[in-house]
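Residue numbers (my numbering): 40 to 217.
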């Protein structure tokens, strides 16, 4: 069973990415790159229209295969970031990821989007837990699972992904069980 394509939470709505989002996605990522680069390895290079189209095609394919469910985070209809659920190899567990444009941080949107994703994940019968992984230096990302009642279950080195400029190389793993 696939999750809902749209999840409404007041003015904040999560919706499945569409091919027609290519230009808006590129615009939001390019303007957010300075704040994404310290934490997101995928944001280090040039993010052109081809990169955005490739991302959107990948999200569609992953959704159809049931491997990952990526959403645009929208506020009053405008894309302000991205979030999603992905299979991280832990049985009966999905991992939540998120990022926001810097002009939209500090307003509770990441927390609200993550809460919505927890609800989506737990509608899937095979999912018993959700996890959030972030680098120990990323204190903004740490606040989200804390506010939502996740439990820190591990600190792992070396990290799963290559280090970026803001990271210290320690993955913090948070978990919330059904």
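By construction, the Cβ of each residue, glycine as well, lies at the ideal position given by its N, Cα and C atoms.
Cβ neighbour criterion (16 or more within 10 Å) applied to residue i
i	result
residue 98	buried
residue 184	buried
residue 73	exposed
residue 208	exposed
residue 120	buried
residue 152	buried
residue 111	buried
Backbone secondary structure at residue i - three-state DSSP
i	result
residue 75	helix
residue 55	strand
residue 94	helix
residue 190	strand
residue 137	strand
residue 203	coil
residue 66	helix
residue 159	helix
residue 113	strand
residue 166	coil
residue 87	coil
residue 208	coil
residue 144	coil
residue 107	strand
residue 118	strand
Residue i and residue j closer than 8 Å at C-beta
i	j	result
residue 203	residue 80	yes
residue 148	residue 114	yes
residue 91	residue 61	yes
residue 213	residue 189	yes
residue 108	residue 124	yes
residue 118	residue 64	yes
residue 102	residue 41	yes
Rounded C-alpha distance that separates residue i from residue j
i	j	result
residue 75	residue 128	25 Å
residue 130	residue 93	28 Å
residue 58	residue 96	7 Å
residue 133	residue 160	7 Å
residue 105	residue 162	14 Å
residue 187	residue 135	13 Å
residue 77	residue 167	31 Å
residue 216	residue 158	12 Å
Short CB-CB distance (under 8 Å) between residue i and chain C
i	result
residue 211	This model lacks chain C altogether; it includes just one protein chain.
Practice problem: Evaluate the contact criterion for the segment 47–54 versus the segment 176–183: three or more CB pairs, one atom per stretch, below 8 Å. | Solution: no
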